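Visitor: Mind looking over this structure? Questions follow.
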Amino acid sequence: MPLSDNLRGALYMTIAMAAFTINDGLMKAATSTLHLPLWQAIATRGLLTLGPLILIGRMTGGIRFRMPRRDAVAVGLRSIGEVASTLTFLAALVHMPLANLSAIMQSLPLAVTLAAWVFLKEPVGWRRLLAICVGFGGVMLIVRPGPDGFDHWSLVALVSVAFVVLRDLSTRQLTKAVPSSTVAIAASASVTVTALVLSLIEGWVMPSAGQMALLAGAAASLVVGYNYVVMV
752 MPLSDNLRGA
762 LYMTIAMAAF
772 TINDGLMKAA
782 TSTLHLPLWQ
792 AIATRGLLTL
802 GPLILIGRMT
812 GGIRFRMPRR
822 DAVAVGLRSI
832 GEVASTLTFL
842 AALVHMPLAN
852 LSAIMQSLPL
862 AVTLAAWVFL
872 KEPVGWRRLL
882 AICVGFGGVM
892 LIVRPGPDGF
902 DHWSLVALVS
912 VAFVVLRDLS
922 TRQLTKAVPS
932 STVAIAASAS
942 VTVTALVLSL
952 IEGWVMPSAG
962 QMALLAGAAA
972 SLVVGYNYVV
982 MV
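So in our numbering, the last one in the sequence shown is 983, and the numbering has no gaps at all.
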């Protein structure tokens with residue numbers, strides 16, 4: 752029995768989110784537990800990710816950087832969102848418990864729905880708007896925006912959510928003329944180049960075998976996540 756578009760999209764998103772969650776845990780272990788410099792970790796992971804993405808793209812014929820202007824703008828905006836959301840998310844991840852950060856990131860579907868209503872004029876009923884308000888109220892309980900419990904890294908996590916919204920809305924504007932591998936390669940390359948530049952400021956250390964194993968696992972998870980999140 753063939754899957755409907757909605758079921759297929761839900762399946763792809765589930766796979767992508769599972770892959771990203773594995774990536775988050777491995778990056779948390781590499782940077783917080785084993786103390787690998789953050790930008791070096793992101794840059795190394797990116798270099799490990801690019802090779803498989805390019806290989807997949809060549810095998811599937813999915814590398815096509817000549818595209819209509821509208822798609823080029825969407826890919827550019829998506830890459831900006833990818834870079835900014837990755838850097839802010841991982842910066843928060845180093846300084847926050849993973850459970851708290853994950854709870855804040857659960858506001859992403861609410862934020863995407865609200866942004867789609869505002870910017871893309873998609874229909875959203877009052878019940879869904881009410882649910883969004885309640886959901887954001889729950890996020891505020893985690894962020895605790897008062898003088899006593901406020902953690903500014905929670906604000907960094909919310910900034911990451913905003914940039915993921917930019918990424919996802921830009922993805923919605925892409926036509927089928929742009930292969931998913933092209934979008935994934937553009938995103939990975941943008942993050943990697945940015946991290947390489949920032950790592951020159953922070954400095955590099957010789958990674959251990961354990962750190963490299965964690966980064967290799969994170970890279971493999973990211974390859975899966977990048978490909979499936981674009982296919983949704």
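We put the beta carbon where it would ideally sit given N, CA and C, even for glycine.
Note that the coordinates shown come from a computational prediction; the quantities given were computed from them, not determined experimentally.
1. Does the beta-carbon distance from residue 932 to residue 814 come in below 9 Å?
2. Are the CB atoms of residue 887 and residue 858 within a distance shorter than 9 Å?
3. Measuring CA to CA, which of 772, 936, 829 and 874 is closest to residue 841?
4. How is residue 785 classed by DSSP in three states: helix, strand or coil?
5. Measuring straight from C-alpha to C-alpha, what distance separates residue 760 and residue 754?
6. CB residue 826 to CB residue 942, shorter than 9 Å?
7. Rounded to the nearest angstrom, how far is the Cβ of residue 869 from that of residue 916, given a contact under 8 Å?
8. Alpha carbon to alpha carbon, how far is residue 836 from residue 913?
9. Express the C-alpha separation of residue 793 and residue 944 in angstroms, rounding to a whole number.
Guide: So, from the listed chains and residues:
1. Taking the C-beta atoms as reference points, residue 814 is found nearer than 9 Å to residue 932.
2. Yes, Cβ-Cβ distance for residue 858 and residue 887 is below 9 Å.
3. Of 772, 936, 829 and 874, the residue nearest in Cα terms is 772.
4. The answer is coil: DSSP assigns residue 785 none of H, G, I, E or B.
5. Going from the Cα of residue 760 to the Cα of residue 754 covers about 9 Å.
6. No, the Cβ-Cβ distance between residue 826 and residue 942 is not below 9 Å.
7. Not a contact, Cβ separation roughly 10 Å.
8. Roughly 8 Å separates the two Cα atoms.
9. Distance between the alpha carbons of residue 944 and residue 793: 10 Å.
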